[in-house]
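Numbered per UniProt numbering, the sequence shown finishes at 233, counting up by one with no gaps. Even glycine gets a Cβ: it sits at the ideal position worked out from N, Cα and C.
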Amino acid sequence: MKTVEDYLDGQILLIDKPLNWTSFQAVNKLKYALINKLGLPKKFKIGHAGTLDPLATGLLLVCTGKFTKRITELQGQAKEYTGTFFIGATTPSYDLETEIDNTYPTSHIDESLIHETVKQFLGEIDQKPPIYSAIKKDGVRLYEHARAGETVEIAFRKTTIHEFEITRISLPEIDFRVVCSKGTYIRSLAYDFGKAMNSGSHLTALRRTKIGDYNVIDGIDVTAFEDSLTTDV
């Protein structure tokens, strides 16, 4: 059992974030568990090394104490994701946060086209972040502009796709595994992938499995972590 001093000196917690939780909610839950069950001071430092959307599950690295200084370093490591694209339809958010807004033909899409299209996205690519994202434009987060019905010009960003593997094809669904650099939006990859096949696509499932050498296999559920702590001190 780790002590108060261990957490203050610094720990990296491998958390398996559940569906429909924000990363902030997960960190908050951990913080209050450590305060209330282990007796850490209320102002101790804790933070995560890379946001996961509420509709995504998987690895969230949470740093405590002095290890919060390592957050920037951890954020810069390559990340691995698995998930599912739904081919033939788009949504404004590029995932299931919003309803389908357009449908597209898929009869021309076969396994050969899918695997050929993958090649277009390997290496350094230009990617436009989703309008439903937390990036700020003129001091306001993009998703706030989107929810207000405002049109915003979003600049392309450079990102790198190190590996892109199709693991299952059962149209309209395609399962994938991607290893990518910091700042990659898998929702945007879903949208662009459909567009590259002269169709449409959106993300219906996403799980982060690795950050650098850290693997979600070694992760723990937030509630299980809370239960593992000692009672009030």
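I need the straight-line Cα distance from residue 88 to residue 210, nearest angstrom please.
Taking the straight line joining both Cα atoms gives about 29 Å.
Using alpha carbons as the reference points, say which of 203, 182 and 68 lies closest to residue 90.
Residue 90 has its Cα closest to that of 203, out of 203, 182 and 68.
Whole-Å CB distance - residue 118 paired with residue 62, under 8 Å assumed:
About 33 Å separates the beta carbon of residue 118 from that of residue 62, a gap too long to meet the 8 Å contact definition.
Beta strand (DSSP E) segment containing residue 23, residue limits
Annotation for residue 23: no beta strand (DSSP E) segment contains it, though the alpha helix (DSSP H) segment containing it runs 23-33.
C-beta atoms of residue 60 and residue 15 nearer than 7 Å
If you check the CB distance, residue 60 and residue 15 come in under 7 Å.
Straight-line Cα distance separating residue 71 from residue 11
About 11 Å.
Out of 176, 184, 225 and 106, state which residue places its alpha-carbon closest to the alpha-carbon of residue 84.
Closest in alpha carbon position to residue 84, among 176, 184, 225 and 106, is 176.
Within 10 Å of its beta-carbon, does residue 242 have 16 or more other beta-carbons around it, so buried, or fewer, so exposed?
The first residue shown for the chain is 1 and the last is 233, placing residue 242 beyond what the model contains.
Pull up the distance between the alpha-carbon of residue 226 and that of residue 66, whole angstroms please.
Cα-Cα distance, rounded: 21 Å.
C-alpha distance - residue 33 paired with residue 23, whole-angstrom precision:
Put simply, the backbone Cα of residue 33 is about 16 Å away from that of residue 23.
Residue 170 - partner residues in DSSP beta bridges
Answer by DSSP bridge pairing, in chain order: 173.
Are the Cβ atoms of residue 161 and residue 121 separated by less than 7 Å?
Yes, the pair counts as a contact, with Cβ atoms nearer than the cut-off.
Residues in the same chain with beta-carbon distance under 6 Å from residue 156, minus the five sequence neighbours each way, listed in chain order, please.
126 and 128.
Quick one: grab the DSSP three-state call for residue 232.
Note that residue 232 scores 43 on pLDDT, short of 50, meaning its location in the model is unreliable and no value can be drawn from it.
List, from N- to C-terminal side, the beta strand (DSSP E) runs of 3 residues or more that fit wholly inside the stretch 34-106.
The stretch 34-106 contains, as complete beta strand (DSSP E) runs of 3+ residues, the segments 46-48, 57-64 and 79-87 (chain order).
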